[in-house]
Amino acid sequence: MIQIDRLFMQVKFCFQIESCHRKRLFELMPIETFAFKNALIYSFSVYTTIGYGHLFPRTMKGRILTVVYAVIGIPLNVAFISDLGELIGRTVQYALQYSQRRILNKTTQDPCIEYKKFSLVVLIAIVLTAIIAIIVMKVERSRHWNYVDSLYYTFTTSTLIGLGDLTPEPSCLQFFVLMPLFLISETIFALAIGFVTVSVWLHYHKCAEKADTARTSVDTGKYNADVDAEIAELSAREMLIDKKIGKEIEMLEAVPSEIDLGILNAQMKNDHESKRRLKDTLKKWLDEHSVKDDEDMK
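As structure tokens, then:
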């Protein structure tokens with residue numbers, strides 16, 4: 001029990017040391033004064049949700065204002081990116097249709113227009129990222145960034161990753177040149193990712209439809225086989241019933257039925273009564289003639 005208490009106290013002491021160390025590091029961090037240029041970069045990183053992390057508010061008022069600014073700015077930025085993406089998408093589609101009509105002399109609608117649109121958007125994103133990386137390398141020459149560093153920073157900013165290991169230097173070029181370019185590249189990357197998402201969803205939907213069709217065909221084949229088996233069974237039963245009916249008809253034809261026997265009995269009975277009446281009539285006639293003969297003899 002004493003050993004467990006000692007272990008618990010040691011763990012608690014280690015946590016206290018780490019907490020003090022983190023607090024001391026936070027206090028020793030260089031404080032970035034919120035000059036106008038820094039404020040612009042901070043605002044850009046907030047409403048675009050990049051969040052580099054090298055600029056952050058230290059006071060309660062600044063944190064409250066950041067929350068209010070983010071609640072208002074992020075939806076506006078999303079709406080702006082959505083409208084800009086729709087405009088870029090329509091422009092790309094119009095350019096493809098125009099090139100097909102004027103250059104390729106195609107008058108019919110191309111069924112692969114969406115795939116070509118996606119390919120063109122991806123190509124624009126790659127080219128624009130490479131161009132912005134060159135501009136970033138020129139703007140950040142005081143930090144001695146090479147092209148790979150500039151390309152890495154451009155990609156993490158355009159895709160809203162914002163790791164914060166490479167951060168921009170506040171300058172007028174950063175605000176008037178790079179920020180608009182980053183908004184455009186962010187929109188194009190969002191379009192490309194949206195196309196990929198829709199393509200994956202459509203592919204999954206088609207696979208699900210094929211699976212349902214195959215399952216339906218298997219069920220239909222099984223149902224048809226069951227129906228054929230039932231039809232064959234009914235046909236066999238019908239043949240057996242026909243055979244039984246034929247045998248019974250033959251038996252009825254060979255042996256008179258009860259109705260026929262009744263008719264024969266009635267006819268025989270009528271004949272018997274007729275004979276009896278005839279016999280009575282003859283007997284009466286004979287009796288009368290015998291009486292007359294006796295009288296004549298007397």
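Last residue of the sequence shown: number 298 in the UniProt record's numbering, and the count goes up by one each step with no gaps. Cβ coordinates follow ideal geometry from the N, Cα and C atoms, glycine included.
{"Item": "Can you round the beta-carbon distance between S150 and V136 to whole angstroms, since I take them to be within the 8 Å contact cut?", "Value": "4 Å"}
{"Item": "How should L166 be labelled, buried or exposed, when 16 other C-beta atoms within 10 angstroms of its C-beta is the threshold for buried?", "Value": "buried"}
{"Item": "Does L264 come out as helix, strand or coil in the three-state DSSP assignment?", "Value": "In this predicted model, L264 has a pLDDT of only 48, less than 50, meaning its place in the structure is not dependable enough to derive any value."}
{"Item": "Straight-line CA distance for E209 to R215?", "Value": "10 Å"}
{"Item": "With distance defined between alpha-carbon atoms, name the residue in A192, I241, D226, A229 nearest to I124.", "Value": "A192"}
{"Item": "DSSP on I161, reduced to helix/strand/coil?", "Value": "coil"}
{"Item": "How long is the line joining the alpha carbons of I131 and S99, rounded to whole angstroms?", "Value": "25 Å"}
{"Item": "Would you call the region 153–172 in contact with the region 67–75, where contact means no fewer than 3 C-beta pairs closer than 8 Å?", "Value": "no"}
{"Item": "With 16 other CB atoms within 10 Å as the buried threshold, where does F36 fall?", "Value": "exposed"}
{"Item": "Check whether the Cβ atoms of I113 and Q93 sit closer than 8 Å, and answer yes or no.", "Value": "yes"}
{"Item": "Here's a check: name, in chain order, each residue in its chain whose Cβ is nearer than 8 Å to the Cβ of M9, leaving out the five neighbours to either side.", "Value": "none"}
{"Item": "May I have the straight-line CA-CA distance separating I4 from N77, to the nearest angstrom?", "Value": "55 Å"}
{"Item": "Evaluate the contact criterion for the region 136–145 versus the region 196–213: three or more CB pairs, one atom per stretch, below 8 Å.", "Value": "no"}
{"Item": "Suppose the cutoff is 6 Å on Cβ atoms and the five residues either side in sequence are ignored; what does the same chain contact list for L120 look like?", "Value": "V92"}
{"Item": "For F80, which of I184, L178, T59, V122 has the nearest alpha-carbon?", "Value": "I184"}
{"Item": "Does the separation of the CB atoms of T48 and L160 fall below 8 Å?", "Value": "yes"}
{"Item": "Hey, G51 and S45 are a contact pair by Cβ (cut 8 Å); roughly how many whole angstroms apart?", "Value": "5 Å"}
{"Item": "Under 8 Å, do residue 387 and L163 count as touching if we go by C-beta distance?", "Value": "The chain is shown from 1 up to 298; residue 387 falls before or after that span and cannot be answered."}
{"Item": "Please list the terminal residues of the continuous alpha helix (DSSP H) segment that includes A95.", "Value": "60–102"}
{"Item": "If you count every other CB in all the chains shown that lies within 10 Å of the CB of I41, and 16 or more means buried, which is it?", "Value": "buried"}
{"Item": "With a 10 Å radius around its C-beta and 16 neighbouring C-beta atoms as the bar for buried, classify L87 as buried or exposed.", "Value": "exposed"}
{"Item": "Mind checking E230: buried by the 16 CB within 10 Å criterion, or exposed?", "Value": "exposed"}
{"Item": "I think G62 touches A190, with their Cβ atoms under 8 Å apart; what is that distance to the nearest whole Å?", "Value": "Not confirmed; about 30 Å, so no contact."}
{"Item": "Let me know if L55 comes out buried or exposed under the rule of 16 or more other beta-carbons within 10 Å of its beta-carbon.", "Value": "buried"}
{"Item": "Leaving aside the five residues before and after A236 along the sequence, list all residues of the same chain whose C-beta is less than 6 Å from its C-beta, in chain order.", "Value": "none"}
{"Item": "Tell me the rounded alpha-carbon separation between G89 and Q97.", "Value": "12 Å"}
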